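In structure tokens:
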């Protein structure tokens with residue numbers, strides 16, 4: 017699999033995460049929304065690790081390692097949000113997820129740019 021396709025899949029999965037997360041904020045946490053949210057998070061972790069292993073450029077490798085860290089930290093915060101529902105932690109969870117989407121999008125752009 018090409019790195020550009022992997023980064024595009026990561027960005028698409030991040031957008032799906034936002035949809036399920038937004039649904040949980042609007043309609044409350046339910047198994048119907050939580051399970052896909054968690055499964056997509058696991059997929060994002062796998063995609064981040066694969067992107068790290070396929071990246072040749074040092075910049076792309078660092079961004080992929082950053083993605084792995086973002087997924088792990090965001091997932092840990094997600095567990096905290098599920099248990100306590102602290103509003104500022106929900107906002108931090110959202111901002112870290114935006115960083116993940118941004119990283120995947122920039123990595124996609126870097127792998128597809130014409131020289």
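In my numbering, the protein residues as written are 17 to 131.
Heads up, the beta-carbon is just placed ideally off N, CA and C, and yes, glycines get one too.
Treat the numbers as computed from the prediction; the structure is a model and nothing was measured.
Can you tell me where the alpha helix (DSSP H) with residue 78 in it begins and where it stops? Residue 78 -> alpha helix (DSSP H) spans 74 to 100.
Quick check: what's the CA-CA separation for residue 127 versus residue 110? C-alpha separation (whole angstroms): 26 Å.
Integer Cβ distance of residue 121 from residue 27, believed to fall under 8 Å: The distance from the Cβ of residue 121 to that of residue 27 is about 5 Å, consistent with a contact at the 8 Å cut-off.
Determine the direct distance from the alpha carbon of residue 48 to that of residue 119, and round the result to whole angstroms. Between residue 119 and residue 48, the C-alpha separation is close to 28 Å.
Could you compute how far the alpha carbon of residue 23 sits from the alpha carbon of residue 86? The straight-line gap from Cα to Cα measures roughly 15 Å.
Distance, residue 44 Cα to residue 105 Cα: Cα to Cα, residue 105 sits roughly 16 Å from residue 44.
Thinking just about the alpha-carbon of each residue, which of 55, 61, 98, 57 is nearest to the one in residue 81? Answer by Cα proximity: 61.
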